[in-house]
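S.K.:
Protein chains: 2
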Amino acid sequence: MTKRLKIVKIGGNIINSETALNRFLKDFSALENPKILVHGGGRKATEVSKTLGVNSLMHNGRRITDASSLEVTVMVYAGLINKKIVAALQAMQSNALGVSGADANLIQSRKRPVKEVDFGFVGDVEQVNAQMILKLLEAGLVPVFSAITHDGKGQLLNTNADTIAAELAVALAEKTAVELIYIFEKDGVLKNVQQNEVIEQLDWETYQSLKQQKVILDGMIPKLDNCFYALQNGVKKVVIGGEKLLSDSGQKYTQVVLDE
Amino acid sequence: MTKRLKIVKIGGNIINSETALNRFLKDFSALENPKILVHGGGRKATEVSKTLGVNSLMHNGRRITDASSLEVTVMVYAGLINKKIVAALQAMQSNALGVSGADANLIQSRKRPVKEVDFGFVGDVEQVNAQMILKLLEAGLVPVFSAITHDGKGQLLNTNADTIAAELAVALAEKTAVELIYIFEKDGVLKNVQQNEVIEQLDWETYQSLKQQKVILDGMIPKLDNCFYALQNGVKKVVIGGEKLLSDSGQKYTQVVLDE
Chain R
0 MTKRLKIVKI
10 GGNIINSETA
20 LNRFLKDFSA
30 LENPKILVHG
40 GGRKATEVSK
50 TLGVNSLMHN
60 GRRITDASSL
70 EVTVMVYAGL
80 INKKIVAALQ
90 AMQSNALGVS
100 GADANLIQSR
110 KRPVKEVDFG
120 FVGDVEQVNA
130 QMILKLLEAG
140 LVPVFSAITH
150 DGKGQLLNTN
160 ADTIAAELAV
170 ALAEKTAVEL
180 IYIFEKDGVL
190 KNVQQNEVIE
200 QLDWETYQSL
210 KQQKVILDGM
220 IPKLDNCFYA
230 LQNGVKKVVI
240 GGEKLLSDSG
250 QKYTQVVLDE
Chain L
0 MTKRLKIVKI
10 GGNIINSETA
20 LNRFLKDFSA
30 LENPKILVHG
40 GGRKATEVSK
50 TLGVNSLMHN
60 GRRITDASSL
70 EVTVMVYAGL
80 INKKIVAALQ
90 AMQSNALGVS
100 GADANLIQSR
110 KRPVKEVDFG
120 FVGDVEQVNA
130 QMILKLLEAG
140 LVPVFSAITH
150 DGKGQLLNTN
160 ADTIAAELAV
170 ALAEKTAVEL
180 IYIFEKDGVL
190 KNVQQNEVIE
200 QLDWETYQSL
210 KQQKVILDGM
220 IPKLDNCFYA
230 LQNGVKKVVI
240 GGEKLLSDSG
250 QKYTQVVLDE
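Going down the list, the sequences are from chains R and L.
Read in order, the letters of the first sequence are residues 0 to 259 in numbering that gives the first Met the number 0.
Read in order, the letters of the second sequence are residues 0 to 259 in numbering that gives the first Met the number 0.
(1) Would you mind reading off the limits of the beta strand (DSSP E) that contains L/Lys43?
(2) Would R/Glu184 be called buried (16 or more neighbouring beta carbons within 10 Å of its own) or exposed?
(3) By the three-class DSSP mapping on this structure, what secondary structure does L/Met91 have?
(4) By Cβ distance, which residues of its chain are closer than 7 angstroms to L/Glu125, with the 5 residues on each side in sequence left out?
(5) Give a yes or no on whether 8 angstroms exceeds the smallest Cβ distance from R/Ala278 to chain L.
(6) How big is the Cα-Cα spacing for L/Leu257 and L/Gln211?
(7) Going straight from the alpha carbon of R/Leu156 to that of R/His38, what length do you get?
(8) With 8 angstroms as the threshold, decide whether the Cβ of R/Ala170 is near any Cβ in chain L.
(9) Measuring CB to CB, does R/Asn81 end up less than 8 angstroms from R/Val143?
(10) Tell me, please, whether the CB atom of L/Ser99 is closer than 8 angstroms to any CB atom in chain R?
(11) Who does R/Val197 pair with in a DSSP beta bridge?
(12) Do L/Gly11 and L/Gly52 have their beta-carbon atoms positioned less than 8 angstroms apart in this structure?
(13) Starting from the N-terminal side, write out each stretch of the alpha helix (DSSP H) that is 4 residues or longer and does not extend beyond the segment 73-148 of chain L.
(14) Is the segment 223-242 of chain R touching the segment 162-182 of chain R, taking contact as three or more C-beta pairs under 8 angstroms?
(15) Report the neighbours of R/Thr50 on chain L: residues whose CB is nearer than 9 angstroms to its CB, in chain order.
(16) Under 7 angstroms Cβ-Cβ, which residues of chain L neighbour R/Ile147?
(17) Could you check whether the Cβ of L/Lys174 sits closer than 8 angstroms to any Cβ belonging to chain R?
(18) Check the C-beta distance from L/Ala103 over to R/Leu140 and give it rounded, since I have them as a contact under 8 angstroms.
(19) Per DSSP, L/Met57 forms a beta bridge with which residues?
(20) Are L/Ala66 and L/Ile147 closer than 8 angstroms when you measure CB to CB?
(21) What would DSSP say about R/Tyr181, mapped onto helix, strand or coil?
(22) Specify the secondary structure class of R/Thr18 as computed by DSSP and reduced to three states.
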């Protein structure tokens with residue numbers, strides 16, 4: 000592949016709003032191939048769970064996936080959301096192929112070992128089938144990943160979508176130049192929440208110090224860990240930004256870099 | 000492709016039972032490539048609909064798919080059932096790729112025109128992307144189709160799984176030798192229901208006369224119409240049989256043929 004591969008991950012803020020999703024997909028479809036989309040779940044899984052009487056158990060802010068939750072997750076992520084995105088992209092002339100990690104054995108994972116907490120049917124990525132993904136890209140397809148993987152022994156597993164995007168980026172970086180783009184509810188990593196001011200370039204040292212100062216905290220930490228993991232493993236460029244990142248060139252965003 | 004392509008369609012009788020499904024998938028995984036699996040929905044969609052408070056409307060025994068029913072169908076067929084089958088096949092060393100017709104634009108359909116009845120989001124197949132399916136088969140993949148298609152304008156549509164199998168067979172018959180295998184709840188087309196005796200070879204004339212005699216009726220008619228449609232359009236061989244058709248060589252089944 001001669002052109003840089005773009006891997007874009009979107010989260011609940013976009014998936015929860017039909018307007019935001021369609022606007023984003025229009026921007027995404029306008030990106031040149033090769034490209035990959037990774038999506039999380041959003042509110043729909045919680046809604047369906049509630050209606051079906053499936054309780055979402057949490058432990059320190061992390062979801063515990065029992066058998067019933069896994070069924071709902073697979074239905075909503077790999078079924079409803081994935082196929083809606085694929086149909087919408089097809090209408091925009093992007094030849095989308097919706098996949099989970101089980102499909103074509105693209106992402107194999109291992110059920111997270113039980114320590115103090117049993118997170119249930121949650122998988123940590125073990126292996127990405129980069130060769131098959133390249134074949135699909137070379138056939139002109141646009142893979143759209145839901146955050147479901149499998150263990151190779153018949154068990155589907157729920158996997159963090161940010162992690163999937165980073166693991167795909169790292170595996171594919173061995174074969175081609177990769178850019179990783181996280182799109183989330185803010186315009187980037189903020190200097191502080193009050194002023195809504197975006198850090199335009201975030202290096203490892205600054206990251207460490209902002210963590211100590213509690214400027215960067217909570218869900219932002221695993222996301223940024225994924226960013227640095229990608230950069231440390233051959234991914235060319237990693238950015239984090241808001242909904243309009245792909246379309247609005249005036250939009251501020253954060254580029255994550257290893258050194259200043 | 001030098002070897003005959005086998006397209007196998009399974010229905011609710013297999014999908015509703017975990018034991019039957021696993022036994023069948025073992026048989027299917029033992030078939031040589033190239034092969035394609037098409038699956039219907041089964042009881043799960045009805046169960047989920049009921050729990051979610053979505054009513055299944057029927058008209059003369061045919062389902063009417065409103066927006067809520069379509070969501071459930073996509074969740075259960077393209078999500079839960081499709082991914083469970085894919086993960087199980089992967090564990091059996093079959094490199095399954097679960098798809099709907101929207102994925103890679105494999106099957107485009109048209110919303111059924113409203114006449115006396117509005118069937119809702121139901122699609123009649125218009126176009127099969129045989130070239131892309133061949134590419135997937137040549138990559139060593141085993142496509143697993145759920146009975147969901149799209150209209151190319153962003154709308155997902157519910158499509159009869161028997162029809163999908165027949166349309167795939169016909170489109171691929173232009174490129175390679177195809178055998179179409181319907182697996183359902185009986186051992187084949189029966190001479191009469193009382194004796195459970197299987198018609199081993201059913202030709203067009205006999206079919207017409209058995210319809211007149213009301214020996215063949217109800218859901219069996221559209222299924223057999225699909226069989227003859229396939230044979231009339233280049234498919235080499237069409238058989239209908241029971242759960243053990245792929246594994247038990249002593250098992251009776253019906254071969255559908257054009258002439259005696």
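Beta carbons are placed, not taken as given, at the ideal position from N, Cα and C, and that holds for glycine.
M.R.: Short version:
(1) Looking at the DSSP string, L/Lys43 is not in any beta strand (DSSP E); the run it does join, the alpha helix (DSSP H), is 42-51.
(2) exposed
(3) coil
(4) Excluding residues within five positions, the ones whose Cβ falls inside 7 angstroms are Gln107, Ser108, Arg109.
(5) As shown, chain R starts at 0 and ends at 259. That puts residue 278 of chain R outside it, with no answer to give.
(6) 18 angstroms
(7) The straight-line gap from Cα to Cα measures roughly 15 angstroms.
(8) Not closer than 8 angstroms to any Cβ of chain L, the Cβ of R/Ala170 fails to qualify, so no.
(9) yes
(10) yes
(11) BP columns for R/Val197 point to R/Leu189.
(12) In terms of Cβ geometry, L/Gly52 and L/Gly11 do not form a close pair [threshold 8 angstroms].
(13) 81-90, 129-137
(14) yes
(15) Thr50, Leu51, Gly52
(16) Lys82
(17) no
(18) 6 angstroms
(19) L/Arg62
(20) no
(21) R/Tyr181: strand per DSSP, three-state reduction.
(22) helix
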